[in-house]
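S.K.: The structure is given below, and queries will be raised subsequently.
Protein chains: 6
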Amino acid sequence: MRRAPARKPRASRARAMKTPSRVRRLTHVDPAGRSRMVDVSAKAATARVAVARAEIRMQPATLALVRANQVAKGDVLTLAQVAGVMAAKRTAELIPLCHPLPLTDVAVRVQPDERLPGVTVEAVARTVAQTGVEMEALVAAATAALTVYDMCKAADREMTIDRVRLVYKHGGRSGEFRRSGESGSWRP
Amino acid sequence: MRRAPARKPRASRARAMKTPSRVRRLTHVDPAGRSRMVDVSAKAATARVAVARAEIRMQPATLALVRANQVAKGDVLTLAQVAGVMAAKRTAELIPLCHPLPLTDVAVRVQPDERLPGVTVEAVARTVAQTGVEMEALVAAATAALTVYDMCKAADREMTIDRVRLVYKHGGRSGEFRRSGESGSWRP
Amino acid sequence: MRRAPARKPRASRARAMKTPSRVRRLTHVDPAGRSRMVDVSAKAATARVAVARAEIRMQPATLALVRANQVAKGDVLTLAQVAGVMAAKRTAELIPLCHPLPLTDVAVRVQPDERLPGVTVEAVARTVAQTGVEMEALVAAATAALTVYDMCKAADREMTIDRVRLVYKHGGRSGEFRRSGESGSWRP
Amino acid sequence: MRRAPARKPRASRARAMKTPSRVRRLTHVDPAGRSRMVDVSAKAATARVAVARAEIRMQPATLALVRANQVAKGDVLTLAQVAGVMAAKRTAELIPLCHPLPLTDVAVRVQPDERLPGVTVEAVARTVAQTGVEMEALVAAATAALTVYDMCKAADREMTIDRVRLVYKHGGRSGEFRRSGESGSWRP
Amino acid sequence: MRRAPARKPRASRARAMKTPSRVRRLTHVDPAGRSRMVDVSAKAATARVAVARAEIRMQPATLALVRANQVAKGDVLTLAQVAGVMAAKRTAELIPLCHPLPLTDVAVRVQPDERLPGVTVEAVARTVAQTGVEMEALVAAATAALTVYDMCKAADREMTIDRVRLVYKHGGRSGEFRRSGESGSWRP
Amino acid sequence: MRRAPARKPRASRARAMKTPSRVRRLTHVDPAGRSRMVDVSAKAATARVAVARAEIRMQPATLALVRANQVAKGDVLTLAQVAGVMAAKRTAELIPLCHPLPLTDVAVRVQPDERLPGVTVEAVARTVAQTGVEMEALVAAATAALTVYDMCKAADREMTIDRVRLVYKHGGRSGEFRRSGESGSWRP
């Protein structure tokens, strides 16, 4: 039986609560309440990595179609991967207050998962810059999932994209973040 | 207590099963198994509408920050709405096999929802064209949600984007789709 | 002697005042005060044209540089023209609530004007669509002017772009608009 | 009574005249008269900031509409601010010979000004790079102004965008520029 | 001495010579010698198709690498195909005087060819519009070829992209064009 | 029978064969055969330059038209140059696995060549980054050539773009590359 996108487990919540109060605010809002980009001019460029995940739930018959197609060229999963990589590079065009970043690496993995049933997405983004690449990883994961939706929608309009989330982040002042309850290991 | 992004209710599944078998295939794959755009040259341009929804789950304290900011100019919710509208217009650049479409309308509504707790997104897209605007509505909803994530992430890295889904579609050969279990009424 | 970007002459103001009251509102704002694209799905596609103008004021010595360069290939004025045409095609990416339109024509003319002293820009945009091309013409004119600024800025940082304005518009429900005090004739 | 976008005051002109003669040329033109990007490969990356301003003149009744809308979500001024920020990030796509830059900050402020009557725009751009961000600030200011035009044009077609200008610049070989007659202080 | 990519065979030349003299001019140049978009406002929207081809020549060992990779997911050839399709949709952004078109179909086929040795590309583009899709097909073919270059360049820097050419075109006033010496049949 | 764009001369082949075997693989493919960006996070940013060339063959009468137009403003060759420069800046959007790079210089030269007969293109790209700019130079050269095609196509549909190739590269771990049989000298 499928488990629902679970609430964050207790441990994770506890840690989040311990986040120093100074960051418990909206950094994209200036003292006058006006939204703005965060000024990172004075920060040093350091190596950054972020990993995001997402999943697309679908009917078992739809997943069977994806699997059957998988042996062919230009299959659903490959196109979703390419779309994710390319979207990561355009994050700053899509997310209004994101900084444009010289990405040094993007990799997206899309694979079938019978337990959902559906498809899971994992996206890794890296840079050496003054700010992090969380949004790049999340945009890659979401776009890969949307591409799967596009290619399967004639067969199954009720697919759902779920649990688009950051699972790992390293680098920068806020240090390392590791979402609890997620498997996998990433090198900084 | 929050209910999880539920499995599609039985009625909905049943209907989906009745989908004529001819569409139970991947339309973006040619006989040789190669992915390709669907050729819509011979289809008539007709009025189309699609409605998509998404939600971002967050800690209650994060939602409180969003609500507090809401009275200010350029708040989180407004920026998410703008980002959604602008992303819809670039759907064909993001989703590899999507047709470029002359959108005649895009509207995105982003609002706080204490029950999640978090924020809900609804995006409506319209065109008069040879193919539908499901992807435009879904891209708008997902991008609006990602923008909320971006603007709140310093306060809460564990937010999750869930239930990105098509809830309504009208126009074109496949007729009307109305996802069961969704409230709201849309004019064709 | 140069005359400053003048206030609109009295006659023009008078006419504007007679604009029927039903359009004296912000069409991009819904009843709840939320900004949105204008839904043009139900409108017929008709031929539209719009003409916009702008000017860049500069020191006489800067204009002399532009003129001297004019005989060369890839001169300032030509690059400004190309930039204006290309920007017009991307109007819907830049202006949040603009509809994407299949432009059928864009032409930009950039020429020196000793009386400013400086450079004048005129941009014409055409389409056959459900909505007008005023913004396309204005974006073309403004971008052409910005390109002149870019190419001359090492010589003159105090240049000013002025009087970016719509001078003519034809087609659509609101009919013809002809800004008073502007010379030139355009065919609908 | 409002004075028109004035000629640059005498003092400013005088200073500009003192600009060393070596920069009194078109840097984007090669010895053969062919336009080209300026090669900045050998320059060091240093902190840069630029501030640009613009204004949109409109009828008093139009400004009243903008003000009335201002209390709502997604109002004209907020959308103009977002559009300005997003356009700054795409400057190198619009201005043919601009270098692509990793912007570290963009902020745009759009506010009503009864004296014009109309709306004023101020845009700040920052980077740490081999070349300056004047064009990014100017593109942001111009696009914010164009967005105001778009959202108010059904009420007032005769609005004019005026005085798009650089008011401050710091960083790089050419040092600091401060346009005379402009109020405001910016930190390098 | 270098041998050139062969002149077009005699038959083809002969036909081209018969092209009516009225089109023997540069349509993108106005009477004043200024480049401009062709105004297609008054033309009827009709079905259009264009087919372009290109080839990438490489060392036999490089082609062997491509072939070996071909059985894997996300191989060189698939990525080149996706890149070609996506580039076709952005033709009007790349080619200054191209009209933006609502493409109804794009398909790209990339396959190894031992005789070159190398890889051949074929791109088909369709629309229902006032102007043709030759440039869309050519941009798709060229970008697919460039993508092959990118993915193989660490192994072979001396690859060459050759014979990027239009092989078929149908629709519009100028009727059908079929390049002589090319195999293949396309439906209008 | 068609004669092919000639094989690379023997000397060039010989050198290529000496390329160390470790680079004789597809760097964009991971151990699982999945395509991916090359991770350059750990590489130092160094100065890079790349030079690419291309040629467009056309009928003598077409070249005469290009030459006649050359004296006018906004001529074919100038537009092709601008298009090449602008396309170079968008390489990472077009080529799926290319890194986005802060280009420090792009220059494109397009000139008539009676011997082809046709037009030759040379594009130079520079950056200070963790990876090279070969693709930027190639994209610039190819797009400039495609722009010539676009502007002359009404006069000559049988033009061919040939020999799009890298002729020089400097910087980075793989050192200098100089294609044999090419004239010209470039400074690193």
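Residue numbers (the numbering used here), protein chains in the order written: chain A, 1 to 188; chain B, 189 to 376; chain C, 377 to 564; chain D, 565 to 752; chain E, 753 to 940; chain F, 941 to 1128. Ideal Cβ positions, reconstructed from N, Cα and C, are used throughout, including at glycine.
Does the Cβ of Arg485 of chain C have 16 or more other Cβ atoms within 10 Å, making it buried, or fewer, making it exposed?
M.R.: Walking along the third sequence from the start, residue 485 of chain C turns up at place 109. Result: buried.
S.K.: When burial is assigned at 16 or more other CB atoms within 10 Å of the CB, is Glu1062 of chain F buried or exposed?
M.R.: The sequence position of residue 1062 of chain F within the sixth sequence is 122, counting from 1. Counting other Cβ atoms within 10 Å of its Cβ, Glu1062 of chain F reaches 16 or more and is therefore classed as buried.
S.K.: Using a Cβ cut-off of 9 Å, which residues of the region 92-108 of chain A contact any Cβ in chain B, in chain order?
M.R.: The region 92-108 of chain A vs chain B, Cβ under 9 Å: Glu93, Leu94, Ile95, Pro96, Leu97 and Cys98.
S.K.: Looking at Ala329 of chain B and Arg236 of chain B, is the spacing between their C-beta atoms short of 8 Å?
M.R.: Within the second sequence, numbered from 1, the residue matching residue 236 of chain B stands at position 48. Within the second sequence, numbered from 1, the residue matching residue 329 of chain B stands at position 141. The Cβ-Cβ distance between Arg236 of chain B and Ala329 of chain B does not fall below 8 Å.
S.K.: Once DSSP output is grouped into helix, strand and coil, what is the label at Pro676 of chain D?
M.R.: Position 112 of the fourth sequence holds residue 676 of chain D. Three-state DSSP puts Pro676 of chain D in a strand.
S.K.: Hey, quick one: how far does the alpha helix (DSSP H) through Val461 of chain C stretch, first residue to last?
M.R.: To locate residue 461 of chain C, count along the third sequence from 1; it is residue 85. Val452 to Ala464 is the extent of the alpha helix (DSSP H) around Val461 of chain C.
S.K.: Could you check if Glu928 of chain E is buried or exposed, using at least 16 other CB atoms within 10 Å of its CB as the buried criterion?
M.R.: As a first step, residue 928 of chain E must be located in the fifth sequence, where it is residue number 176. That one is exposed.
S.K.: Helix, strand or coil: how does DSSP classify Asp415 of chain C here?
M.R.: Position 39 of the third sequence, counted from the first residue, corresponds to residue 415 of chain C. Coil.
S.K.: At a cut-off of 7 Å, would you count Thr315 of chain B as near the ligand GTP, judging by its Cβ distance to the nearest heavy atom?
M.R.: In the structure on display, the ligand GTP does not appear, and there are no ligands present to speak of.
S.K.: Using a Cβ cut-off of 8 Å, pull out every chain B residue sitting near Val837 of chain E, in sequence order please.
M.R.: Residue numbering aside, residue 837 of chain E sits at position 85 when the fifth sequence is read from its first letter. Chain B residues near Val837 of chain E: Arg224, Met225, Pro284 and Leu285.
S.K.: Between Met37 of chain A and the rest of its own chain, which residues show a CB-CB distance below 6 Å, the 5 nearest in sequence each way excluded?
M.R.: Stepping through the first sequence from its first residue, residue 37 of chain A is reached at position 37. Only Leu97 meet the Cβ criterion.
S.K.: Give a yes or no on whether the C-beta atoms belonging to Ala456 of chain C and Thr523 of chain C are separated by under 8 Å.
M.R.: Taking the first residue of the third sequence as position 1, residue 456 of chain C is located at position 80. Taking the first residue of the third sequence as position 1, residue 523 of chain C is located at position 147. Yes, Cβ-Cβ distance for Ala456 of chain C and Thr523 of chain C is below 8 Å.
S.K.: Give the C-beta separation of Ala420 of chain C and Gln487 of chain C to the nearest angstrom, bearing in mind that I take them to be a contact with Cβ-Cβ under 8 Å.
M.R.: On the third sequence, position 44 is the one that residue 420 of chain C refers to. On the third sequence, position 111 is the one that residue 487 of chain C refers to. At roughly 37 Å, the Cβ-Cβ gap does not stay under 8 Å, so Ala420 of chain C and Gln487 of chain C are not in contact.
S.K.: Taking Tyr525 of chain C as the reference, which of D:Lys653, D:Val728 and D:Arg743 has the closest Cα?
M.R.: The residue labelled residue 525 of chain C in the question sits at position 149 within the third sequence. Of the candidates D:Lys653, D:Val728 and D:Arg743, the one whose C-alpha sits nearest the C-alpha of Tyr525 of chain C is D:Val728.
S.K.: So, does the CB of Val458 of chain C fall closer than 8 Å to a CB anywhere in chain D?
M.R.: Start at 1 with the first residue of the third sequence, and residue 458 of chain C comes out as number 82. So, interface residue.
S.K.: Using 8 Å as the limit for Cβ to Cβ distance, is Pro112 of chain A near chain E?
M.R.: Residue 112 of chain A sits at position 112 when you count from the first residue of the first sequence. Answer no: the Cβ-Cβ gap between Pro112 of chain A and chain E never drops below 8 Å.
S.K.: Measure the CB-CB distance between Ala614 of chain D and Ala689 of chain D and report whether it falls below 8 Å.
M.R.: Taking the fourth sequence and counting its residues from 1, the one referred to as residue 614 of chain D is at position 50. Taking the fourth sequence and counting its residues from 1, the one referred to as residue 689 of chain D is at position 125. It is a contact, given that the beta carbons lie within the stated cut-off.
S.K.: To the nearest angstrom, report how far apart Pro1042 of chain F and Leu492 of chain C are at their CA atoms.
M.R.: As a position in the sixth sequence, residue 1042 of chain F is number 102, starting the count at 1. As a position in the third sequence, residue 492 of chain C is number 116, starting the count at 1. Looking at the two C-alpha atoms, the distance is approximately 37 Å.
S.K.: Is it buried or exposed for Pro564 of chain C, if we count other Cβ within 10 angstroms and need 16 for buried?
M.R.: Taking the first residue of the third sequence as 1, we reach residue 564 of chain C at position 188. Under this definition Pro564 of chain C is an exposed residue.
S.K.: Just checking: is the beta-carbon of Val885 of chain E within a distance shorter than 8 Å of some beta-carbon in chain H?
M.R.: Annotation note: the requested chain H is absent from the structure, which comprises protein chains A, B, C, D, E and F.
S.K.: Assign Thr626 of chain D to one of three DSSP states: helix, strand, or coil.
M.R.: The sequence position of residue 626 of chain D within the fourth sequence is 62, counting from 1. Looking at Thr626 of chain D - three-state DSSP - the assignment turns out to be helix.
S.K.: Return helix, strand or coil for Arg179 of chain A, following the three-state DSSP convention.
M.R.: Along the first sequence, read from residue 1 onward, the residue named residue 179 of chain A stands at position 179. Three-state DSSP puts Arg179 of chain A in coil, outside helix and strand.
S.K.: Span of the beta strand (DSSP E) holding Leu166 of chain A?
M.R.: Taking the first sequence and counting its residues from 1, the one referred to as residue 166 of chain A is at position 166. Per DSSP, Leu166 of chain A belongs to the beta strand (DSSP E) from Thr160 to His170.
S.K.: If you run the structure through DSSP and keep just helix, strand and coil, what is Leu661 of chain D?
M.R.: One-based indexing of the fourth sequence puts residue 661 of chain D at position 97. Looking at Leu661 of chain D - three-state DSSP - the assignment turns out to be coil, as it is neither helix nor strand.
S.K.: Using the C-alpha atoms, what's the distance from Gly272 of chain B back to Asp105 of chain A?
M.R.: Taking the first sequence and counting its residues from 1, the one referred to as residue 105 of chain A is at position 105. Taking the second sequence and counting its residues from 1, the one referred to as residue 272 of chain B is at position 84. If I take the Cα positions, the gap works out to 26 Å.
S.K.: Roughly how many angstroms separate the alpha carbons of Met462 of chain C and Val1022 of chain F, rounded to a whole number?
M.R.: For the purposes of this step, residue 462 of chain C is identified with residue 86 of the third sequence, where counting begins at 1. For the purposes of this step, residue 1022 of chain F is identified with residue 82 of the sixth sequence, where counting begins at 1. Computed Cα separation, rounded: 11 Å.
S.K.: Which residues in the same chain have their Cβ closer than 7 Å to the Cβ of Asp782 of chain E, if we skip the five residues on either side of it in sequence?
M.R.: One-based indexing of the fifth sequence puts residue 782 of chain E at position 30. Result list for Asp782 of chain E: Arg788, in chain order.
S.K.: Going by other Cβ atoms of all chains shown within 10 Å of its Cβ, with 16 needed for buried, is Ala418 of chain C buried or exposed?
M.R.: Within the third sequence, numbered from 1, the residue matching residue 418 of chain C stands at position 42. Per the 10 Å Cβ criterion, exposed.
S.K.: For Ala343 of chain B, I'd like the list of residues in its chain whose CB is within less than 7 Å of its CB, leaving aside the five on either flank, ordered along the chain.
M.R.: Taking the first residue of the second sequence as 1, we reach residue 343 of chain B at position 155. Within the same chain, Ala343 of chain B has close Cβ partners Thr250 and Leu253.
S.K.: Can you name the start and end residues of the beta strand (DSSP E) that Val1068 of chain F belongs to?
M.R.: As a position in the sixth sequence, residue 1068 of chain F is number 128, starting the count at 1. Per DSSP, Val1068 of chain F belongs to the beta strand (DSSP E) from Gly1058 to Ala1069.
S.K.: In the DSSP assignment, find the beta strand (DSSP E) that holds Val237 of chain B and state where it starts and stops.
M.R.: Locating residue 237 of chain B in the second sequence gives position 49, counting from the first residue. Unbroken beta strand (DSSP E) run through Val237 of chain B: Thr234 to Arg245.
S.K.: Whose C-alpha, out of B:Met323, B:Arg366 and B:Ser362, is nearest the C-alpha of Ile161 of chain A?
M.R.: Within the first sequence, residue 161 of chain A is the residue found at index 161, counting from 1. Nearest option by C-alpha distance: B:Met323.
S.K.: Am I right that Ile432 of chain C and Ala521 of chain C are in contact with their C-beta atoms under 8 Å? What's the rounded C-beta distance?
M.R.: Sequence index remark: in the third sequence, residue 432 of chain C carries index 56 (1-based). Sequence index remark: in the third sequence, residue 521 of chain C carries index 145 (1-based). Indeed they touch by this definition, with Cβ atoms about 5 Å apart.
S.K.: Buried or exposed for Asp865 of chain E, please, with buried defined as at least 16 other CB atoms from any protein chain shown within 10 angstroms of its CB.
M.R.: In the fifth sequence, the residue the question calls residue 865 of chain E occupies position 113. The residue is exposed, with fewer than 16 neighbouring Cβ atoms inside 10 Å.
S.K.: Assuming Gly1111 of chain F contacts Gly1058 of chain F (C-beta within less than 8 Å), just tell me the rounded distance between them.
M.R.: Translated into the one-based positions of the sixth sequence, residue 1111 of chain F becomes position 171. Translated into the one-based positions of the sixth sequence, residue 1058 of chain F becomes position 118. Actually they are not in contact, since the Cβ atoms of Gly1111 of chain F and Gly1058 of chain F sit about 31 Å apart, beyond 8 Å.
S.K.: Listing by chain order, which chain C residues have their CB less than 8 Å from the CB of Val792 of chain E?
M.R.: As a working mapping, residue 792 of chain E is identified with position 40 in the fifth sequence. Residues of chain C passing the Cβ test: Thr480 and Asp481.
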